[in-house]
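Worksheet for the structure shown next.
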Amino acid sequence: MRRMLATCLFATLFGTLPAFGAEGDAVPRARMAADRLSATLRERVMIVMKEKGPAEAVKVCFAEAQKLTAELARTEHLSIRRTSLKIRNPANSPDPFERSALERLAAMKEQGSLPGEMIVPARVGGKQVLRYVKPILVQPGCLVCHGAEDSIPPEVKTHLQACYPGDRATGFAAGDLRGIVSVVVEE
Ligand code: HEC
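Mature numbering (1 follows the signal peptide of the UniProt record, and there is no 0) puts the sequence shown at residues -21 to -1, 1 to 166.
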């Protein structure tokens, strides 16, 4: 019900009609890919943090986050990325649809009604697609690299500044909306 409500809100927002039940397996495919991406990146970063410390984990993120995301897109035959209103890597900048989704979700979070996902039928490049959006919340383990400036260890800061000179992805608290996983599946 919450999902349907969110879909309706989005349909109103973007002037599209929701096509309930007409998505085939696009929704479960998008959902699975989004969950897998979050789990893969989280696991990878947590393992390196534990074994080598957070500074080394930043380097791994820098080297691997984009690659792991692209690999998942290739094997699952869909488009997938992470994006945010406060980005670290400019390659993760939101497109107009994602920006509207992020702004809308931020407002819903503010009102205490953040949905678990949003599903919007759309047309991209003349093709019918399904756009799937899943909010990403900040967990305590994220704060070492995304928390308040003065709480980030100096060696982490050094690496962040070197790899991401225009970094805007700090100053978050646990429970904040960090961004979204955004998936596009051809129907
Ligand atoms: C070891 C440091 C580190 C930790 C811990 C960490 N991140 Fe990140 N995060 C990064 C780096 C580095 C990037 C840039 C990755 C890239 O180049 O695509 C990033 C990028 C992101 C992005 C993509 C948008 C952007 O800003 O470029 C999201 C979303 C994100 N992180 C969420 C999280 C969440 C949620 C957690 C906790 C579960 C987390 N991160 C934990 C370092 C970290």
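Glycine residues also receive a C-beta, built at the ideal position from the N, C-alpha and C atoms.
Enclosing beta strand (DSSP E) for residue i [first to last residue]
i: I98; result: M97 to V103
i: P114; result: K106 to L116
Supposed close pair residue i, residue j - CB separation, criterion 8 Å
i: V123; j: P133; result: So it is not a contact: roughly 12 Å between Cβ atoms.
i: V6; j: I98; result: 6 Å
i: H138; j: A34; result: 5 Å
DSSP bridge partner residues for residue i (one or two, in chain order)
i: S161; result: R60 and V112
i: L156; result: L116
Start-to-end residues for the alpha helix (DSSP H) that takes in residue i
i: I26; result: A5 to K31
i: R147; result: First-last for R147: undefined, no H or E at that position.
i: P75; result: P75 to E89
i: L139; result: P133 to C142
i: residue 215; result: Absent from the model: residue 215. The displayed extent of the chain is -21 to 166, so no value can be given.
Next on the checklist: Under 8 Å: do the stretch 8 to 26 and the stretch 105 to 115 share three or more Cβ pairs, one atom per stretch?
Outcome noted: Here the stretch 8 to 26 makes contact with the stretch 105 to 115; the two share three or more CB pairs at distances below 8 Å.
Next on the checklist: Three or more C-beta pairs under 8 Å: does that hold for the stretch 143 to 162 against the stretch 68 to 81?
Outcome noted: Taking 8 Å as the limit for Cβ pairs, the verdict is that the stretch 68 to 81 does touch the stretch 143 to 162.
Checklist entry - So, do the stretch 13 to 29 and the stretch 45 to 56 have three or more beta carbon pairs nearer to each other than 8 Å? => result Touching, yes, given that three or more Cβ pairs across the two stretches are closer than 8 Å.
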